[in-house]
Each structure stands twice: as C-alpha cells, then as structure tokens.
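Asks:
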Amino acid sequence: AQSVTQPDIHITVSEGASLELRCNYSYGATPYLFWYVQSPGQGLQLLLKYFSGDTLVQGIKGFEAEFKRSQSSFNLRKPSVHWSDAAEYFCAVGPNTGTASKLTFGTGTRLQVTL
Amino acid sequence: GAVVSQHPSRVICKSGTSVKIECRSLDFQATTMFWYRQFPKQSLMLMATSNEGSKATYEQGVEKDKFLINHASLTLSTLTVTSAHPEDSSFYICSASQSSLNYNEQFFGPGTRLTVL
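Here the protein sequences come in this chain order: B and U. Its first residue numbered 1, the first sequence is counted upward by one per residue in our numbering. Its first residue numbered 116, the second sequence is counted upward by one per residue in our numbering.
(1) For the beta strand (DSSP E) containing V14 (chain B), list its first residue and its last residue.
(2) Check distances from the C-beta atoms of the segment 32 to 50 of chain B to those of chain U and list, in chain order, the residues that come in under 8 Å.
(3) When we look at the beta-carbon of E202 (chain U) and count the other beta-carbons within 10 Å, is it buried (16 or more) or exposed?
(4) Please report the Cβ distance between S149 (chain B) and S72 (chain B), rounded to the nearest whole angstrom; I am assuming they are in contact, meaning their Cβ atoms lie under 8 Å.
(5) Classify G108 (chain B) as buried or exposed, calling it buried when 16 or more other Cβ atoms lie within 10 Å of its own Cβ.
(6) Less than 6 Å between C-beta atoms, sequence neighbours within five positions excluded: which residues of the same chain meet that for V57 (chain B)?
(7) Below 8 Å on the Cβ atoms is my guess for L139 (chain B) versus A92 (chain B); work out the distance and round it to an integer in Å.
(8) Take every Cβ of the segment 137 to 147 of chain U, pair it with every Cβ of the segment 181 to 193 of chain U, and state whether three or more of those distances are shorter than 8 Å.
(9) With a CB to CB cut of under 6 Å and the five nearest residues on each side skipped, what residues in its chain are close to F206 (chain U)?
(10) Whose C-alpha, out of B:T114, B:V113, B:L115, B:G106, is nearest the C-alpha of I9 (chain B)?
(11) Helix, strand or coil for R22 (chain B)? Go by DSSP, reduced to three states.
(12) In chain order, what residues of the same chain lie with their CB nearer than 6 Å to the CB of A211 (chain U), ignoring the 5 residues before and after it?
(13) Of all Cβ atoms in chain B, is any one closer than 8 Å to the Cβ of F223 (chain U)?
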C-alpha cells in the first residue's frame, strides 16, 4: 500500500530564512508526487507536481521540490520565506496512470513564520 | 481556470437531520470527483470516488448509506450526510478531476465546515 510520511509536524522559521519540508513516500513504482498548501479553513492549492523528467520541479510562490528516487523523497524548498507562507503543507502521492486516481496524503507540516 | 466551488461553506445542524453539500466544477467538466474528510489538525482522508453517471466507490470504513454521493452531471456532485451526529462534525473537501495530457489532476474546493449539535 502506498503511504506518505511528513516527519515534521510543526516548523518555525524566520521571515527571509530558507525552508525545507520533508516528504518520504512508499510506493511500488514511480508515483506522481504533489505538494499542496492549505490556509486555515480553506481548501488545498497545488504548489507543484512531479510526473516525470527533470527531478527538480518549480512551482508557484517561489517553491521548488526535488524528487530523489534513491531516497524515496520529494522535499519542498523555498530560498526565502515570506510571512504569508505560514500555512499547512501536504505532500501527496498518486499512481502513475493516465486516469483520475485517488491521492494519498501525508499528515501535513504546519509552517509558522516569525517576523 | 479549473475552479471548484462548494456550498455551503459552513453549516450547523441538529443531530438527526440530513445535510447536503454541493461540489461544482465551474469552468470545466469533471468526469471524476473525490470527497475527503479532514479532522482538526489532521490530514485529508478520502471518503469516496464519484464518477459521473455511476455509483460512487467508497473507501473502506465509510458508510455508504450514511454518506450518500450523487454525481448527476459533469459539473456537480453532492454529498448528503444522513442522520448526522456530532461525530460527523468535520471539514469536508471535494476535488474534481479534469482530463489532461498526462494526468487527471485534482482541483480542490474550498471545503465545507459541518458542525452537528
């Protein structure tokens, strides 16, 4: 069964500092990988996704993530965090198919940004 | 593009009543919609997958008679929580899938906060 682990439940960084949120997955083959952000009381917004090709993917709001097959990881990074980045971040994995398939989400990492 | 709406955004009801939540894809046709449930400070748990014109597929442990899902058109799916109880209080999020070249990416609605008194 596929699973996603986000080891850090809560992270606090200073505004302007760099950020890395960890995500490890367990899957039988190369999955599709996603990072979503959720503000309080809101739905999910897609930050970026990895399907194939270049293992470093760029997303919105200055985020990027790197797929490392050998480590089964898909960590999210941002060079300089802004106060508006404070939110909940979810990593998700889906099967490598061409049809709509369910996603498995990690437990999320809550990001707090101090000024 | 690819906007998904949910209505209502927030609902409070008495125990024993039924509540209907609508999920609409506003600018695309969604052949598949997903319903998730999220408890406070927890992740999203998939409840069911809904395909237009056919019966929904429920995840293990989800009561299909309690959580009725209807996907009558390519732009609308509804989730009805029947005989709601306080333990059904949660944040319900839908997503809609649009065909693309590589993958039917899911677009999420803003969620519905259900409180059962």
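Idealized CB from N, CA, C, for every residue including glycine.
Replies: Once the coordinates are examined:
(1) Sequence index remark: in the first sequence, residue 14 (chain B) carries index 14 (1-based). Correcting the residue type first, residue 14 (chain B) is Ser in the shown sequence and not Val. It spans 10 to 14 - the beta strand (DSSP E) in which S14 (chain B) sits, taken as one unbroken run.
(2) Y32, Y36, G41, Q42, G43, L44, Q45, L46, K49
(3) Taking the second sequence and counting its residues from 1, the one referred to as residue 202 (chain U) is at position 87. With fewer than 16 other Cβ atoms inside 10 Å of its own Cβ, E202 (chain U) counts as exposed.
(4) This structure leaves residue 149 (chain B) out entirely; chain B is present only between 1 and 115.
(5) The residue given as residue 108 (chain B) occupies position 108 in the first sequence. By the neighbour-count rule (16 or more Cβ atoms within 10 Å), G108 (chain B) is buried.
(6) Position 57 of the first sequence, counted from the start, is the residue given in the question as residue 57 (chain B). These residues qualify, in order along the chain: L48, Y50, A65.
(7) Only positions 1 to 115 of chain B appear in the structure, and residue 139 (chain B) is not among them; the question remains open.
(8) yes
(9) Your numbering for residue 206 (chain U) matches position 91 in the second sequence. Q153, G226, R228, listed in sequence order.
(10) Counting from 1 along the first sequence, the entry for residue 9 (chain B) is found at position 9. Just measuring C-alpha positions, the residue of B:T114, B:V113, B:L115, B:G106 sitting nearest I9 (chain B) is B:G106.
(11) Your numbering for residue 22 (chain B) matches position 22 in the first sequence. DSSP places R22 (chain B) in coil when its eight states are reduced to three.
(12) Here residue 211 (chain U) refers to the residue found at position 96 when the second sequence is read from its first residue. These residues qualify, in order along the chain: V119, S140, A145, M148, F222.
(13) In the second sequence, residue 223 (chain U) corresponds to position 108, counting from 1. Yes, because at least one Cβ of chain B sits closer than 8 Å to the Cβ of F223 (chain U).
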